[in-house]
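*Asks:* Pasting a structure here, questions to come.
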Amino acid sequence: MRTADFYYDLPQELIAQDPLEDRSSSRLMHLDKETGELEHTDFKHILNYLKPGDCLVVNDTKVIPARLYGHKKETGAVIEILLLKRRENDIWECLVKPGKKARPGAVIDFGEGLLTGEIIDVVDEGNRLIQFHYEGIFEEILDQLGEMPLPPYITHKLQDKNRYQTVYAKHEGSAAAPTAGLHFTPELLEQVKEMGVNIAHVTLHVGLGTFRPVKVDDVEKHHMHSEFYIVEEDQAKLINDTKKNGGRVIAVGTTSCRTLESATGEDGIVKATSGWTEIFIYPGYRFKCIDALITNFHLPESTLLMLVSALAGKEKIMHAYEVAVQERYRFFSFGDAMMIL
Numbered sequence: 004m005r006t007a008d009f010y011y012d013l014p015q016e017l018i019a020q021d022p023l024e025d026r027s028s029s030r031l032m033h034l035d036k037e038t039g040e041l042e043h044t045d046f047k048h049i050l051n052y053l054k055p056g057d058c059l060v061v062n063d064t065k066v067i068p069a070r071l072y073g074h075k076k077e078t079g080a081v082i083e084i085l086l087l088k089r090r091e092n093d094i095w096e097c098l099v100k101p102g103k104k105a106r107p108g109a110v111i112d113f114g115e116g117l118l119t120g121e122i123i124d125v126v127d128e129g130n131r132l133i134q135f136h137y138e139g140i141f142e143e144i145l146d147q148l149g150e151m152p153l154p155p156y157i158t159h160k161l162q163d164k165n166r167y168q169t170v171y172a173k174h175e176g177s178a179a180a181p182t183a184g185l186h187f188t189p190e191l192l193e194q195v196k197e198m199g200v201n202i203a204h205v206t207l208h209v210g211l212g213t214f215r216p217v218k219v220d221d222v223e224k225h226h227m228h229s230e231f232y233i234v235e236e237d238q239a240k241l242i243n244d245t246k247k248n249g250g251r252v253i254a255v256g257t258t259s260c261r262t263l264e265s266a267t268g269e270d271g272i273v274k275a276t277s278g279w280t281e282i283f284i285y286p287g288y289r290f291k292c293i294d295a296l297i298t299n300f301h302l303p304e305s306t307l308l309m310l311v312s313a314l315a316g317k318e319k320i321m322h323a324y325e326v327a328v329q330e331r332y333r334f335f336s337f338g339d340a341m342m343i344l
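So the sequence shown is residues 4 to 344, counted in the numbering used here.
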């Protein structure tokens, strides 16, 4: 299976630069995974595709304002860092630009000394381990100094930080938003519950590896970055009971999907667990838990495009994307949605 098989041509102007004023007014493409038939509607009509007894599974991770700009103490050079993974004792694994100026021993000053970071090691792929020093509460300082780590294809400045969070975001730790959930409003979630659909919560802290392009020609040689996830006991029971009672498990986003598939045994039962997952889902994968997926439109040659192709079949997905381009759907993080059912 070649990475190039997942390429499609996307006009630059179809990449959504700003969130819509009303989250649920984005468009929705429904793809029947059995027949390949497509329907076009808007997101608030997602209720038409749900049934009492179904279970929507959302990822309640919260994005931290993980992008920081500072100055190297010795030279005053501007350094940009992106917090990726929290280690112990205020040490974080970070992406640093420019990397050449960020050698072990270098000290970076943020917010005129409100926060300082010392580079203590270089790890995988040139990432740095940085030991932070501050007074007070790290999250509060981060909120004051940090910016939302929007993907590089979004060039507009985000006016409201909350628009890069889902309305149910709860557990801080992501370097990127689980964007399929951005379409839900509190009112729409209330309507979902009122019609007898359960909503289960899982947590997966999204890392930047999710968005990295696949750099190998042979898909199977690609290695996924690990991401931390948690499935609580009561939520696992809610999902398992849905299955037992004949309801469908509908993952909201590829991150919820990857969490569920990581936490589910070969017997199809979701276990309450936590840990790191490197699961890579591409065509040929047999799904153990999910029946359907709500997702956005993904980058060409990305692992996320491969995941949706595993669920609906590559030909059906590539055709749906061709139609989405023709119909001028909005693509990527702030773009429109697709439901594969």
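Glycine included, each C-beta is placed from N, C-alpha and C at the ideal position.
Answer with buried or exposed for S265, where buried requires no fewer than 16 other C-beta atoms within 10 angstroms of its C-beta.
*Replies:* As a working mapping, residue 265 is identified with position 262 in the sequence shown. Classification of S265: buried, given that the 10 Å Cβ count is 16 or more.
*Asks:* Output the boundary residues of the alpha helix (DSSP H) element that contains E2.
*Replies:* The requested residue 2 is not part of the displayed model; the chain covers only 4 to 344.
*Asks:* Measuring only the C-alpha atoms, how far is Y324 from G120?
*Replies:* Residue mapping note: residue 324 aligns to position 321 of the sequence shown, counting from 1. Residue mapping note: residue 120 aligns to position 117 of the sequence shown, counting from 1. C-alpha separation (whole angstroms): 44 Å.
*Asks:* Would L296 and I233 be called neighbours here (beta carbons separated by less than 8 Å)?
*Replies:* For this step, residue 296 is matched to residue 293 along the sequence shown. For this step, residue 233 is matched to residue 230 along the sequence shown. Result no, Cβ atoms of L296 and I233 do not sit closer than 8 Å.
*Asks:* If the criterion is Cβ atoms closer than 8 Å, does the pair R70 and E83 meet it?
*Replies:* Reading the sequence shown from its first residue, position 67 is the one you call residue 70. Reading the sequence shown from its first residue, position 80 is the one you call residue 83. Yes, the pair counts as a contact, with Cβ atoms nearer than the cut-off.
*Asks:* T44 to H33, Cα distance in whole Å?
*Replies:* By 1-based counting over the sequence shown, the position of residue 44 is 41. By 1-based counting over the sequence shown, the position of residue 33 is 30. Cα to Cα, T44 sits roughly 8 Å from H33.
*Asks:* Look up Q329 in the DSSP assignment and give the residues it is bridged to.
*Replies:* Residue numbering aside, residue 329 sits at position 326 when the sequence shown is read from its first letter. Q329 pairs with nothing; no bridge assigned.
*Asks:* Per DSSP, H174 is paired with what?
*Replies:* Working through the sequence shown from its first residue, we reach residue 174 at position 171. Beta-bridge pairing links H174 to T64.
*Asks:* Since K247 is in the alpha helix (DSSP H), which residue starts that stretch and which ends it?
*Replies:* By one-based count along the sequence shown, residue 247 stands at place 244. Note, K247: alpha helix (DSSP H), 236-247.
*Asks:* Given this structure, state the Cα-to-Cα distance separating Y10 from C97, to the nearest angstrom.
*Replies:* The residue labelled residue 10 in the question sits at position 7 within the sequence shown. The residue labelled residue 97 in the question sits at position 94 within the sequence shown. Rounded to whole angstroms, Y10 to C97 spans 30 Å at the Cα level.
*Asks:* With a threshold of 16 other CB atoms inside 10 Å of the CB of N165, please say whether the residue is buried or exposed.
*Replies:* What you label residue 165 is simply residue 162 of the sequence shown in a count that begins at 1. Its Cβ having fewer than 16 others within 10 Å, N165 is exposed.
*Asks:* Would you decide whether T78 is buried or exposed? Buried here means 16 or more other CB atoms lie within 10 Å of its CB.
*Replies:* Here residue 78 is taken as the residue at index 75 of the sequence shown, counted from 1. Result: exposed.
*Asks:* At the level of alpha carbons, what is the spacing between F46 and G39?
*Replies:* Sequence index remark: in the sequence shown, residue 46 carries index 43 (1-based). Sequence index remark: in the sequence shown, residue 39 carries index 36 (1-based). If you take the alpha carbons of F46 and G39, they lie about 19 Å apart.
*Asks:* Using the Cα positions of G338 and E235, report the straight-line distance between them to the nearest angstrom.
*Replies:* For the purposes of this step, residue 338 is identified with residue 335 of the sequence shown, where counting begins at 1. For the purposes of this step, residue 235 is identified with residue 232 of the sequence shown, where counting begins at 1. Roughly 30 Å between the two C-alpha positions.
*Asks:* Residues bridged to F135 by DSSP?
*Replies:* Here residue 135 is taken as the residue at index 132 of the sequence shown, counted from 1. According to DSSP, F135 bridges with G120.
*Asks:* So, with DSSP's three-state summary, where would you put Y232?
*Replies:* Counted from its first residue, the sequence shown places residue 232 at position 229. Three-state result, Y232: strand.
*Asks:* Helix, strand or coil for M321? Go by DSSP, reduced to three states.
*Replies:* Against the sequence shown, residue 321 aligns to sequence position 318. Three-state DSSP puts M321 in a helix.
*Asks:* DSSP on E269, reduced to helix/strand/coil?
*Replies:* Residue numbering aside, residue 269 sits at position 266 when the sequence shown is read from its first letter. Of the three classes helix, strand and coil, the one that applies to E269 here is coil, per DSSP.
*Asks:* Looking at chain E, is there any beta carbon in it that lies within less than 8 Å of the beta carbon of I49?
*Replies:* Annotation note: the requested chain E is absent from the structure, which comprises a single protein chain.
*Asks:* Taking the alpha helix (DSSP H) that E193 falls in, what are its first and last residues?
*Replies:* Indexing the sequence shown from 1 puts residue 193 at position 190. From DSSP, the alpha helix (DSSP H) with E193 extends over 189-197.
*Asks:* Going by the CB atoms, is the gap between T298 and A183 shorter than 8 Å?
*Replies:* For the purposes of this step, residue 183 is taken as residue 180 along the sequence shown, with counting starting at 1. For the purposes of this step, residue 298 is taken as residue 295 along the sequence shown, with counting starting at 1. Yes, Cβ-Cβ distance for A183 and T298 is below 8 Å.
*Asks:* Just how far apart, CA to CA, sit R131 and Y72?
*Replies:* As a working mapping, residue 131 is identified with position 128 in the sequence shown. As a working mapping, residue 72 is identified with position 69 in the sequence shown. Each residue's Cα considered, the two are about 15 Å apart.
*Asks:* Measuring alpha carbon to alpha carbon, tell me which residue in I123, F335, A340 is nearest P155.
*Replies:* Reading the sequence shown from its first residue, position 152 is the one you call residue 155. That would be F335, whose Cα lies nearest to the Cα of P155.
*Asks:* Just the Cα atoms here: how many angstroms apart are V81 and K100?
*Replies:* Start at 1 with the first residue of the sequence shown, and residue 81 comes out as number 78. Start at 1 with the first residue of the sequence shown, and residue 100 comes out as number 97. Between V81 and K100, the C-alpha separation is close to 9 Å.
*Asks:* For P22 and I67, I'd like the C-alpha separation in whole angstroms.
*Replies:* What you label residue 22 is simply residue 19 of the sequence shown in a count that begins at 1. What you label residue 67 is simply residue 64 of the sequence shown in a count that begins at 1. Distance between the alpha carbons of P22 and I67: 18 Å.
*Asks:* Using a 10 Å radius around the Cβ and a threshold of 16 neighbouring Cβ atoms, would you call A327 buried or exposed?
*Replies:* Counting from one through the sequence shown, the residue named residue 327 turns up at place 324. A327 is buried by the Cβ-count criterion.
*Asks:* Provide the residue span of the alpha helix (DSSP H) that contains A315, from first to last.
*Replies:* Against the sequence shown, residue 315 aligns to sequence position 312. Its alpha helix (DSSP H) spans residues 306-315.
*Asks:* With DSSP run on the structure shown, which of helix, strand or coil describes F283?
*Replies:* Locating residue 283 in the sequence shown gives position 280, where the first residue counts as 1. Three-state DSSP puts F283 in coil, outside helix and strand.
*Asks:* Using three-state DSSP, classify Y72 as helix, strand or coil.
*Replies:* For the purposes of this step, residue 72 is taken as residue 69 along the sequence shown, with counting starting at 1. Strand at Y72.
*Asks:* Give me the Cα-Cα distance between A203 and G210, rounded to the nearest whole angstrom.
*Replies:* One-based indexing of the sequence shown puts residue 203 at position 200. One-based indexing of the sequence shown puts residue 210 at position 207. Looking at the two C-alpha atoms, the distance is approximately 22 Å.
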